[in-house]
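Notes for the one structure printed next.
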Amino acid sequence: MTAAQSDAAPPPSFTETVAEELRVHLVRRQVTGRELARRLHVSSQWVSQRTRGAVALSTADLERIADALGMSPMELLAGIPFRSSAPQTTTRTAAPTGW
């Protein structure tokens, strides 16, 4: 491992990535956290915890928030790049014998 690799920050968690995407949509739609809280009938603290990634959003939360923003849950998550958590493996076959 190089010094640059050990100093690199780990990639954001899925919860943090979803929170960031939610913040992007709030800015694009010019909706404040307080306004989203009002639309959802929840506290501003509830919204803040989720837009900071301190609390993970459930699928029900995603549906409610998307609806409050006039979009589908899929649209809300569409900007999140796919990142596989599966280990990267390479399959190698043995060279034929008898050459």
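Take the sequence shown: its letters are residues 766 to 864, numbered as in our numbering.
Every residue gets a Cβ at the ideal spot worked out from N, C-alpha and C, and that includes glycine.
These numbers come from a predicted model, not from an experiment.
### Message
By the three-class DSSP mapping on this structure, what secondary structure does glycine 798 have?
### Response
helix
### Task
Note down the Cα distance separating serine 809 from leucine 834, rounded to an integer number of angstroms.
16 angstroms
### Message
Please tell me whether threonine 780 and glycine 798 are closer than 8 angstroms, where the distance is taken between their beta carbons.
### Response
no
### Message
Along the chain, where does the alpha helix (DSSP H) containing alanine 825 start, and where does it finish?
### Response
824–833
#### Entry: Status (buried if at least 16 other CB within 10 Å, exposed otherwise) for isoleucine 830
buried
### Task
Look at leucine 827 and leucine 805 and say whether their C-beta atoms are less than 8 angstroms apart.
no
### Limits of the unbroken alpha helix (DSSP H) element including valine 820
It is not in any alpha helix (DSSP H) - valine 820 carries neither H nor E in the DSSP assignment.
### Query
By a C-beta neighbour count over all protein chains shown, 10 Å radius and 16 as the cutoff for buried, is glycine 844 buried or exposed?
exposed
### Query
Buried or exposed: alanine 784, going by 16 or more other Cβ atoms within 10 Å of its Cβ?
buried
### Task
Run the CB neighbour count on glycine 863, radius 10 Å, all protein chains shown included, and call it buried at 16 or more, exposed below.
exposed
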